[in-house]
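Numbering (my numbering) for the sequence shown: 1 to 172.
Ideal placement from N, C-alpha and C gives every residue a C-beta, glycine not left out.
Single-structure report; data block below.
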Amino acid sequence: MGAVWRTVVEGVTGSMAYIADKHWNVVACNDEFRALIPDGEPPSNIMRWMLLDDRARHDVLMNWTEDWARGACPALRRAVTNHPTDPTLIDLASDVRRDPLAGPIYLATASSHALHPDGAVRQVNHPTKGPGWVIASAANPLPEIDAMFVMMQYRPGEVRPHQPPPLSTNAR
Numbered sequence: 001m002g003a004v005w006r007t008v009v010e011g012v013t014g015s016m017a018y019i020a021d022k023h024w025n026v027v028a029c030n031d032e033f034r035a036l037i038p039d040g041e042p043p044s045n046i047m048r049w050m051l052l053d054d055r056a057r058h059d060v061l062m063n064w065t066e067d068w069a070r071g072a073c074p075a076l077r078r079a080v081t082n083h084p085t086d087p088t089l090i091d092l093a094s095d096v097r098r099d100p101l102a103g104p105i106y107l108a109t110a111s112s113h114a115l116h117p118d119g120a121v122r123q124v125n126h127p128t129k130g131p132g133w134v135i136a137s138a139a140n141p142l143p144e145i146d147a148m149f150v151m152m153q154y155r156p157g158e159v160r161p162h163q164p165p166p167l168s169t170n171a172r
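So, in structure tokens, the structure goes:
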């Protein structure tokens, strides 16, 4: 990953931000993202953390089964389908399938389409800010076509914020 993107991510303030490679390895993140993780240490792999880490599943990512796992499992399956000989993706999918919580969801979402996380609104229990929601914005940085840049805005409270409308080229 280029130094420019690392500088961009680390310079984001007011939102959590990270860049993950095609294997979901976190290659850069900012301090706000680190604050989402209970021990402050970013996970080496965001997909592994979302689907297999007990603290993520039970303490941070609320409504884990419906909001988080049912979105992440199809994305992992699509990655394995697109890169069927990639040992890192194959190992990650195998670990997820063997997991007693994530495995059944992975199997149950076999016919689900992977949704891009851009615009997703998901419930969290932020370790320092408390219960709330994150609104995700995601993009693929041009120099790293297999990388994903994700920003998450935190919104406190019990009431789900509205999902932002998609951008339109017809906006004036």
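| query | result |
| --- | --- |
| Reference residue 104; option with closest CA among 74, 37, 129, 141 | 74 |
| Selected residue, minimal CA-CA separation from residue 85, among 156, 138, 150, 23 | 23 |
| Per-residue burial, residue 131 [other beta carbons within 10 Å of its own, 16 or more giving buried] | exposed |
| CA-to-CA distance, residue 119 to residue 162, given in whole angstroms | 10 Å |
| Among 121, 69, 149, nearest to residue 159 - alpha-carbon criterion | 121 |
| Unbroken beta strand (DSSP E) run spanning residue 47, endpoints | From DSSP, residue 47 is part of no beta strand (DSSP E) but of the alpha helix (DSSP H) over 46 to 52. |
| Where residue 58 falls: helix, strand or coil (DSSP) | helix |
| Rounded separation between residue 63 and residue 147 - CA only | 27 Å |
| Under 8 Å between C-beta atoms of residue 150 and residue 138 | yes |
| Which listed residue (155, 156, 141, 153) has its alpha carbon closest to that of residue 3 | 141 |
| Which of helix, strand or coil DSSP assigns to residue 11 | helix |
| Check: residue 17 C-beta below 7 Å from any heavy atom of the ligand ATP | In the structure on display, the ligand ATP does not appear, and there are no ligands present to speak of. |
| Integer-rounded CB distance, given that residue 127 should sit under 8 Å from residue 36 | 7 Å |
| Cβ neighbours of residue 29 in the same chain (closer than 7 Å, five flanking residues each side left out) | 9, 17, 18, 42 |
| Per-residue burial, residue 109 [other beta carbons within 10 Å of its own, 16 or more giving buried] | buried |
| Start and end residues, alpha helix (DSSP H) containing residue 79 | 70 to 82 |
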